[in-house]
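S.K.: Per the numbering used here, residue 5 is the first one in the sequence shown, and the count goes up by one each step.
All residues carry an ideal CB built from backbone N, CA and C; glycine is no exception.
Here it is, the structure, as structure tokens.
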Amino acid sequence: MAKIYIKDLGEYIPGKFNSMTLDKLKEFVIVPYHIAWYKSSQSKKVFPLFVQEISDLNPTNFVVPGILTRNPFFDHSQIKYFIAYMGDKPAGRIMAFIDYNYNIQHNTETGWFGLFESTDNKEVAFELMDKAAKYLSDNRCKKIIGPAKFNAGGEIGCLVSGYENKPYFMEPYNAPYYKDYFEDMGFAKENDWYSMNTDELLAGRYMEKIERLHSRINGTRRDISTTNGFFIRNVNFKNMKKEIRAIRILYNEIWNSINHPQQPEMTEKEFDILAAGIKAVALEDLIFIVEKENEPVGVSVSIPDINEVISEYDGRGASSGSSFSYNPSRHFFSAKDFKRDFQIYSNIQKRLRQKNFSGVRFLILGIKEPYRKTGLDASLYYRTFRTAKDLGFKHGSGSQLADINTDIINPMFKLGKRSMTWRVYNFTL
């Protein structure tokens, strides 16, 4: 068996040090393509666009206008990337990072690990985690949690059930043996996150109940854009700067609670980058703001499941159980990999113009206090689900839902059933 070598790929400390390059980021991003389980017929893995993944992980000032951006998360976070090699072949990866904003907001000394990957080899997994834990301990962290990219505002947790289900866009998916590795390392459960999958049949009875309720109150079964002085409207993409500001304020207020663990307040720059990414794959029809006397009090953001397009391009479409064989270049400026990204993105834009998707991900759905549990929640759920149905969507996923957030779990599971569970682990350093 080839010797295991852990490569210190690079590090970034805001305002002090950077050893990362675009080629190093690309080397890190392509590691999952070398994990054998993802190439099997059992896997439902969907690989992201290279440029988008590198932009998410990019702490440097190396940008390509209109193509590659820098993630402002790194304005307040330091990070180190590691790759495991067996001989000359990638065998795993991990990133270790410290979010200083999170630690200040939560009065903690916590470090994180994320984007963990490993071949089915316990020694590789343990050596990677040892590297990450030592880095965080050397930087005065007392606790490590993960996996995450980079918190609950991104992709959170290790998939521990639901491997047979295809992930929707921005839902984590990993090999089934990872959970065993984390438990063998001594990690304990911090909390779980769920996905709720629904379709017309599952959601139908709940939506009929809401229609009957509004019929008694408003004398109509369909027009529920107004209720008790509230107004539910679509966003206007032509006025996105104002709309993004309103959604960011709502997001930080609604999600800044014990019901939303691993969720720090997002900075303006962070939210602008997130919103730009969502807008590129969104429909105005599926984004709503709830207002009372022109004050935003609630928000719903849903996006078409663009994983449908990626899967079709990569040969894992709706009917596929086939293996996966794409082999990317380790260099950032790769014509082959840029071609893949461009063709997938072009197909996404074509499908958006046609409104031709079967799946939708319910990404953000929340109401400010004191308006929760007043019936406004149900009206917003109804408007979101009814619009998705009218647009021709056949199924959807509401995720990621924290296990302690019963305010959203209870109504969402009336609309569907649990499909996936992700676990966040912790370890005392």
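Name, in chain order, the residues that DSSP records as bridge partners for Met90.
M.R.: Answer by DSSP bridge pairing, in chain order: Ile8, Lys93.
S.K.: Measure the Cβ-Cβ separation of Ile371 and Leu356 and say whether it is below 8 Å.
M.R.: Result no, Cβ atoms of Ile371 and Leu356 do not sit closer than 8 Å.
S.K.: Would you mind sorting Arg216 into buried or exposed? The rule is 16 or more other CB atoms within 10 Å of its CB.
M.R.: The residue in question, Arg216, is exposed, as its Cβ has fewer than 16 Cβ neighbours within 10 Å.
S.K.: Which same chain residues end up closer than 6 Å to Glu31 when comparing Cβ atoms and leaving out the 5 residues on each side of it in sequence?
M.R.: Arg334.
S.K.: How about Phe417 and Met200: are their beta carbons less than 8 Å apart?
M.R.: Taking 8 Å as the Cβ cut-off, Phe417 and Met200 qualify as a contacting pair.
S.K.: Smallest Cα separation from Thr64: which of Gly14, Tyr37, Trp426?
M.R.: Taking only the C-alpha atoms, the option nearest Thr64 is Gly14.
S.K.: Rounded to the nearest angstrom, how far is the Cβ of Leu132 from that of Phe86, given a contact under 8 Å?
M.R.: Going by Cβ atoms, the distance from Leu132 to Phe86 rounds to 6 Å, so yes, they are a contact pair.
S.K.: Could you check whether Lys84 and Ala100 sit closer than 8 Å to each other, using their CB atoms as the reference points?
M.R.: A contact, by the Cβ cut-off of 8 Å.
S.K.: Mind reading off the beta-carbon distance from Ile78 to Tyr16? Whole number of angstroms is fine, and I expect it under 8 Å.
M.R.: Note on identity: in this sequence residue 78 is Phe, with Ile being the wrong assignment. Yes, they are in contact, since the Cβ atoms of Phe78 and Tyr16 sit about 6 Å apart, within 8 Å.
S.K.: Throw me the rounded Cβ distance for the Glu312 and Phe235 pair, which I believe falls under 8 Å.
M.R.: Contact flag wrong, Cβ pair sits at about 33 Å.
S.K.: For Ala6, is the classification buried or exposed, using 16 other Cβ atoms within 10 angstroms of its Cβ as the cut-off for buried?
M.R.: Exposed, by the Cβ-count rule.
S.K.: Compute the distance between the beta-carbons of Pro76 and Glu274, then report whether it is under 8 Å.
M.R.: Cβ atoms of Pro76 and Glu274: closer than 8 Å.
S.K.: Under DSSP, the beta strand (DSSP E) around Thr73 begins and ends at which residues?
M.R.: It is not in any beta strand (DSSP E) - Thr73 carries neither H nor E in the DSSP assignment.
S.K.: Quick one: is the Cβ of Arg365 within less than 7 Å of any heavy atom of the ligand SAH?
M.R.: Here there are no bound small molecules, and the ligand SAH is not part of this structure.
S.K.: Out of curiosity, what's the CA-to-CA distance linking Gly2 and Met424?
M.R.: For residue 2 there is no data in the structure shown, the boundaries of the chain being 5 and 433.
S.K.: Applying the criterion that 16 or more other CB atoms from any shown protein chain within 10 Å of the CB defines a buried residue, is Glu159 buried or exposed?
M.R.: It counts as buried.
S.K.: Taking the C-alpha atoms as reference points, what is the distance between Pro180 and Val164?
M.R.: If I take the Cα positions, the gap works out to 7 Å.
S.K.: Just confirm the distance between the C-beta atoms of Ile34 and Pro332, as a whole number of angstroms; I'd bet it's less than 8 Å.
M.R.: Going by Cβ atoms, the distance from Ile34 to Pro332 rounds to 5 Å, so yes, they are a contact pair.
S.K.: Here's a check: name, in chain order, each residue in its chain whose Cβ is nearer than 7 Å to the Cβ of Ile352, leaving out the five neighbours to either side.
M.R.: Taken in chain order, the residues that qualify are Val285, Ile310, Val313.
S.K.: Assuming His110 is part of the alpha helix (DSSP H), what are its boundary residues?
M.R.: Run containing His110: 104–110, per the alpha helix (DSSP H) assignment.
S.K.: By the DSSP assignment, the beta strand (DSSP E) with Pro308 in it spans what residues?
M.R.: It spans 299–308 - the beta strand (DSSP E) in which Pro308 sits, taken as one unbroken run.
S.K.: Cα separation between Phe51 and Met174?
M.R.: Roughly 10 Å between the two C-alpha positions.
S.K.: Closest to Pro94 by C-alpha separation, out of Ala280, Ile39, Ser59, Ser47, would be which residue?
M.R.: Considering only alpha carbons, the answer is Ile39.
S.K.: Less than 8 Å separating the beta-carbons of Pro18 and His80?
M.R.: Closer than 8 Å, so yes.
S.K.: Between the Cα of Thr410 and those of His399, Thr202, Leu367, Asp196, spot the shortest distance and give me the residue it belongs to.
M.R.: For the residues His399, Thr202, Leu367, Asp196, the minimum Cα distance to Thr410 belongs to Asp196.
S.K.: Taking only three categories from DSSP, how would you classify Lys245?
M.R.: The answer is helix: DSSP assigns Lys245 an H, G or I state.
S.K.: How many Å lie between Thr388 and Val239 at the Cα?
M.R.: For Thr388 and Val239, the distance between alpha carbons rounds to 13 Å.
S.K.: State buried or exposed for Phe337, treating a residue as buried only when at least 16 other CB atoms are found within 10 Å of its CB.
M.R.: Exposed.
S.K.: Could you check whether Ala392 and Ser306 sit closer than 8 Å to each other, using their CB atoms as the reference points?
M.R.: Yes, they are a contact pair.
S.K.: Taking the beta carbon of Phe361 as the centre, do at least 16 other beta carbons fall within 10 Å, making it buried, or is it exposed?
M.R.: Phe361 comes out buried.
S.K.: What three-state label does DSSP hand Gly281 in the structure shown?
M.R.: Of the three classes helix, strand and coil, the one that applies to Gly281 here is helix, per DSSP.
S.K.: Between the Cα of Val55 and the Cα atoms of Lys245, Leu72, Met90, which residue gives the shortest distance?
M.R.: For the residues Lys245, Leu72, Met90, the minimum Cα distance to Val55 belongs to Leu72.
S.K.: Have a look at Trp426, His264, Tyr317 and flag the residue whose alpha-carbon is nearest the alpha-carbon of Arg344.
M.R.: Looking at the Cα atoms, Tyr317 is the closest of the given residues.
S.K.: What is the rounded straight-line gap between the Cα of Thr25 and the Cα of Ile102?
M.R.: Roughly 20 Å between the two C-alpha positions.
S.K.: Taking DSSP as the reference, what is the three-state secondary structure of Ser423?
M.R.: Correct three-state label for Ser423: strand.
S.K.: Going by DSSP, which residues form a beta bridge with Gly400?
M.R.: Gly400 is bridged to Thr202, Val364.
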